[in-house]
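Visitor: Quick one: the structure is below, and I'll ask about it shortly.
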Amino acid sequence: MGRRKRKDERDIPETEPTGEGLAVQETTKLTRKGLNGRGGGKMSYLDLPQEYRATTRQVCGLWPFIAGAGTPMIGVPLGRDLITGSTLCMDPIAWFERASLIANPSMFTLALPGLGKSTVQRRLLVGLNFRGTVGIVPGDTKGEYSDIIEALGGSVVRLGRGQGTLNPLDLGEMGTVSQSLTGRAREELSANARGRRSNMVAALIAIARRGSVSGDEENFIDAAVQLLEHKHSDGDAPILEDLGRLIQEGPEELRLMTLSTEDDAKYAHSVEPLMRSLLSLVHGPLGKTFNAQTSNRFPLDRPASVDLSSIPASDQLLEGSVLLACWAEAFATVEAADALAVSKGERPRHFYLVLDELWRILRAGVGLVDRIDELTRLNRTYGVGQSMTTHTMSDLESLRDQEDVAKAKGFVERAGLIICGGLPRREMQLLNQIVPMTRREQQLIVSWSTPPSLDQETGRETAPPGRGKFLVKVGGQAGMPFEMVLTPAELSLNDTNRKWANAIESKDQDPGADKDGVVYLPTATK
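End of the sequence shown = 834 in our numbering, gap-free, step of one.
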């Protein structure tokens, strides 16, 4: 009984002469190791392909590679995979638009302080800027992004006591762009601008009174803002003081909403709670920042950040209100740029918004979770990639209202990407409810939260073992651990991590630097 042929074998007839000149056919089998027959040159053993690793400067001529690494190669290069050593490329816009790896272009970053959350964001800002994506940091509470934005040719707006003003009643870029549009597009953008303006005033009042704004009050504010717009249609934008004066005058349209058309005392009683909050906003600690014309606006075509480092962390009222106002202004700018591009028949420009220090705005007042939720739900509609960062899931759990807690957790649940740095063990249970993680992944994240130790020889504190190390999670898929790698040029722009700057003086002095001056940061600390 003959042997069955393998799939990788096929018969090749071979004709050889005999001694009398007659032809006799023999059969030679073609296998993966060569021709199996006389003169076929079959190999008895095949060596594995030789593998090499080098920089793109050295092996660029071999591109495209015939085999790729296990990690995605689409997006901004972030660092080295801790398991395979290959380069991990990732950003929410590329993974959503080009690779279709995530459902929406957003990411949420969690890590303890000092482990590199902001460094990841700065790397993404640089990489996305190279691709033409405009980066906006609408609330830089520590001034961590100013240097990188200025290095990219962007604009840094400084807000705080005596350092700038932001008028919540200013239509901003949405109003400017709407004037250049016609027809339905103009009406829609103008209506959106008015709606955002009314919502912003209501949010500031909620912060000032440290309580929620009722539905009737929101409707009243919206009507008052529209009346105010008609009175100031030819001049500068109205300010909050003008709004208070209009409500005190009590025009007929506003009296109808309070059912007090002919009763001055009833009208005054109806608007008293709102007027008290508005006057405290105008004449209180927030007045110098919000009761004036906007000093600077976000540009539509280059990176920008709002530096709030002059506001002390203890001033939660001012910090939270300015953060919310800046976030609203940033999303309004994006919407205006999108409408302008569509009107010109151009491809809309992509924006990347870094919404850093989420916990600071959540602690400022009741109802702010709803405001943030409204602002951030339309990222896919307007081509916006966004990134939220906070320290731990406990920051979201600490909200007083349980409805706010559930909505805040929704920010994490809706994120296309979740990046986890070092976190304490108690966080694993909270995080695992939203992002399923294996035991090994949890152990890895907890190990990165180990505090730094003291170098006995130098007497200096060594770098924390988890600095620059993160785990990328997409849904229930296996996480990708990587370590951030910075070049000397980037180190000079990362002012908040002076210890990282000490890790490299020059590529000649540091034995951990490779030929291109790239330093493996956590092991290069001296």
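Ideal Cβ placement from N, Cα and C applies to all residues, glycine included. Nothing here was measured: the structure is a model prediction, and the numbers come from that model.
What span of residues does the beta strand (DSSP E) with Tyr575 cover, start to end?
Guide: For the purposes of this step, residue 575 is identified with residue 267 of the sequence shown, where counting begins at 1. Careful: Tyr575 lies outside any beta strand (DSSP E), inside the alpha helix (DSSP H) at Asp572 to His591.
Visitor: Taking 6 angstroms as the limit between beta carbons, can you name the residues of its chain near Gln750, skipping five residues before and five after?
Guide: As a working note, residue 750 is residue 442 in the sequence shown. Closer than 6 angstroms at Cβ, skipping near neighbours: Met736.
Visitor: At 3 residues or longer, and completely inside the stretch 766-793: list those beta strand (DSSP E) runs for me, N to C.
Guide: Here the runs fully enclosed are 777-781 and 788-792.
Visitor: Are Ser617 and Lys425 touching if we call contact CB-CB under 8 angstroms?
Guide: In the sequence shown, the residue the question calls residue 617 occupies position 309. In the sequence shown, the residue the question calls residue 425 occupies position 117. Not a contact, by the Cβ cut-off of 8 angstroms.
Visitor: Note down the Cα distance separating Leu343 from Met351, rounded to an integer number of angstroms.
Guide: Residue 343 sits at position 35 when you count from the first residue of the sequence shown. Residue 351 sits at position 43 when you count from the first residue of the sequence shown. So the two alpha carbons sit approximately 9 angstroms from each other.
Visitor: Label Lys781 either buried or exposed according to how many other C-beta atoms from any shown protein chain fall within 10 Å of its C-beta, with 16 as the threshold for buried.
Guide: The residue you call residue 781 lines up with position 473 of the sequence shown. With 16 or more Cβ atoms within 10 Å of its Cβ, Lys781 is classed as buried.
Visitor: Any idea if Ile529 is buried or exposed, counting beta-carbon neighbours within 10 angstroms, 16 or more meaning buried?
Guide: Position 221 of the sequence shown holds residue 529. With 16 or more other Cβ atoms within 10 Å, it is buried.
Visitor: Measuring alpha carbon to alpha carbon, tell me which residue in Ser520, Val579 and Thr758 is nearest Pro837.
Guide: Any answer about residue 837 is impossible in this case: the structure gives the chain only from 309 up to 834.
Visitor: Between Gly776 and Gly387, what straight-line distance do the alpha-carbon atoms span, to the nearest angstrom?
Guide: By 1-based counting over the sequence shown, the position of residue 776 is 468. By 1-based counting over the sequence shown, the position of residue 387 is 79. Spanning the two alpha carbons is a distance of roughly 9 angstroms.
Visitor: Just the Cα atoms here: how many angstroms apart are Glu643 and Met696?
Guide: Residue numbering aside, residue 643 sits at position 335 when the sequence shown is read from its first letter. Residue numbering aside, residue 696 sits at position 388 when the sequence shown is read from its first letter. So the two alpha carbons sit approximately 19 angstroms from each other.
Visitor: Relative to the alpha-carbon of Met482, which residue among Ala501, Ser488 and Pro413 has its alpha-carbon at the smallest distance?
Guide: If you number the sequence shown from 1, residue 482 lands on position 174. When each option's Cα is compared against that of Met482, the closest is Ala501.
Visitor: Using 8 angstroms as the threshold, is the C-beta distance between Ala419 and Gly730 below it?
Guide: Indexing the sequence shown from 1 puts residue 419 at position 111. Indexing the sequence shown from 1 puts residue 730 at position 422. Yes, they are a contact pair.
Visitor: Would you decide whether Ala402 is buried or exposed? Buried here means 16 or more other CB atoms lie within 10 Å of its CB.
Guide: Locating residue 402 in the sequence shown gives position 94, where the first residue counts as 1. By the neighbour-count rule (16 or more Cβ atoms within 10 Å), Ala402 is buried.
Visitor: Taking 8 angstroms as the cut-off, decide whether the C-beta atoms of Gln694 and Leu739 are in contact.
Guide: In the sequence shown, the residue the question calls residue 694 occupies position 386. In the sequence shown, the residue the question calls residue 739 occupies position 431. The answer is no: Cβ separation not under 8 angstroms.
Visitor: For the stretch 449-464 against the stretch 432-439, do three or more pairs of beta-carbon atoms, one drawn from each stretch, fall closer than 8 angstroms, so that the two count as touching?
Guide: As far as the Cβ criterion goes, the stretch 449-464 touches the stretch 432-439, which means the pair count is three or higher.
Visitor: Can you give me the Cβ contacts of Leu589 inside the same chain, cut-off strictly under 8 angstroms, excluding the 5 residues immediately before and after it?
Guide: Here residue 589 is taken as the residue at index 281 of the sequence shown, counted from 1. The answer, listed in chain order, is Leu512, Ile513, Ala516, Leu548, Gly595, Phe598 and Asn599.
Visitor: Return yes when the Cβ of Val442 is within less than 8 angstroms of the Cβ of Pro611, no when it is not.
Guide: For the purposes of this step, residue 611 is taken as residue 303 along the sequence shown, with counting starting at 1. For the purposes of this step, residue 442 is taken as residue 134 along the sequence shown, with counting starting at 1. Yes, they are a contact pair.
Visitor: Considering Cα atoms alone, identify which of Met508, Leu562 and Val521 is closest to Ser629.
Guide: As a first step, residue 629 is located in the sequence shown; it is residue number 321 there, counting from the start. Residue Met508 is the option with its Cα nearest to Ser629.
Visitor: Starting from Met508, follow the alpha helix (DSSP H) in both directions and report where the run begins and ends.
Guide: Counting from 1 along the sequence shown, the entry for residue 508 is found at position 200. Residues Gly491 to Arg517.
Visitor: Using the rule of at least 16 other Cβ atoms within 10 Å of the residue's Cβ for burial, across every protein chain shown, is Ser454 buried or exposed?
Guide: Here residue 454 corresponds to residue number 146 of the sequence shown, with the count starting at 1. With 16 or more Cβ atoms within 10 Å of its Cβ, Ser454 is classed as buried.
Visitor: In this structure, does DSSP put Ser695 in helix, strand or coil?
Guide: Position 387 of the sequence shown, counted from the start, is the residue given in the question as residue 695. Ser695 falls in the strand class under three-state DSSP.
Visitor: Based on DSSP bridge pairs, tell me the residues matched to Met273.
Guide: A question about residue 273 goes unanswered here, because the residues of the chain that appear run from 309 up to 834.
Visitor: Is it buried or exposed, Arg340, if we count other Cβ atoms within 10 angstroms and call 16 or more buried?
Guide: One-based indexing of the sequence shown puts residue 340 at position 32. Exposed, since its Cβ has fewer than 16 Cβ neighbours within 10 Å.
Visitor: From Gly653 to Ala499, what distance separates their C-alpha atoms?
Guide: Counting from 1 along the sequence shown, the entry for residue 653 is found at position 345. Counting from 1 along the sequence shown, the entry for residue 499 is found at position 191. Taking the straight line joining both Cα atoms gives about 22 angstroms.
Visitor: If we ignore side chains and look at the alpha-carbon of each, how far apart do Ala821 and Arg361 end up?
Guide: Residue numbering aside, residue 821 sits at position 513 when the sequence shown is read from its first letter. Residue numbering aside, residue 361 sits at position 53 when the sequence shown is read from its first letter. Only weak support is given to the placement of Ala821: the predicted model assigns it a pLDDT of 41, under 50, and the question is left unresolved by the model.
Visitor: Report buried or exposed for Asp448, applying the criterion of at least 16 other Cβ atoms within 10 angstroms of its Cβ.
Guide: Position 140 of the sequence shown, counting from 1, holds the residue named residue 448. Asp448 should be labelled buried.
Visitor: Using CA coordinates, which residue listed in Leu794, Arg365 and Thr566 is at the minimum distance from Asn527?
Guide: Start at 1 with the first residue of the sequence shown, and residue 527 comes out as number 219. The candidate whose alpha carbon is nearest that of Asn527 is Thr566.
Visitor: Of the choices Trp667, Ala636, Thr700 and Asp389, whose alpha-carbon is the least far from that of Glu682?
Guide: Here residue 682 refers to the residue found at position 374 when the sequence shown is read from its first residue. With distances taken between Cα atoms, Glu682 lies closest to Ala636.
Visitor: Measure the alpha-carbon distance for Tyr575 versus Arg563 and round it to whole angstroms.
Guide: Looking up residue 575 in the sequence shown gives position 267. Looking up residue 563 in the sequence shown gives position 255. The straight-line gap from Cα to Cα measures roughly 7 angstroms.
Visitor: Look up Asp544 in the DSSP assignment and say whether it is helix, strand or coil.
Guide: Taking the sequence shown and counting its residues from 1, one reaches residue 544 at position 236. Three-state result, Asp544: coil.
Visitor: Are the CB atoms of Leu432 and Asp399 nearer to each other than 8 angstroms?
Guide: For the purposes of this step, residue 432 is taken as the residue at position 124 of the sequence shown. For the purposes of this step, residue 399 is taken as the residue at position 91 of the sequence shown. A contact, by the Cβ cut-off of 8 angstroms.
Visitor: Can you say whether Gly552 is buried or exposed, counting buried as having 16 or more other CB atoms within 10 angstroms of its CB?
Guide: Here residue 552 is taken as the residue at index 244 of the sequence shown, counted from 1. It is buried - the Cβ of Gly552 has at least 16 other Cβ atoms within 10 Å.
Visitor: Flag Val442 as yes if its beta-carbon sits less than 8 angstroms from any beta-carbon of chain B, otherwise no.
Guide: Included in the structure is just one protein chain, with no chain B present.
Visitor: Can you tell me the Cβ-Cβ gap for Ala716 and Pro446, rounded? I've got them flagged as a contact below 8 angstroms.
Guide: To locate residue 716, count along the sequence shown from 1; it is residue 408. To locate residue 446, count along the sequence shown from 1; it is residue 138. The Cβ separation is near 19 angstroms, so there is no contact.
Visitor: Would you mind reading off the limits of the alpha helix (DSSP H) that contains Leu663?
Guide: Here residue 663 is taken as the residue at index 355 of the sequence shown, counted from 1. Per DSSP, Leu663 belongs to no alpha helix (DSSP H); it is in the beta strand (DSSP E), Phe659 to Leu663.
Visitor: What are the start and end residues of the beta strand (DSSP E) that includes Pro385?
Guide: Position 77 of the sequence shown, counting from 1, holds the residue named residue 385. Unbroken beta strand (DSSP E) run through Pro385: Pro385 to Asp389.
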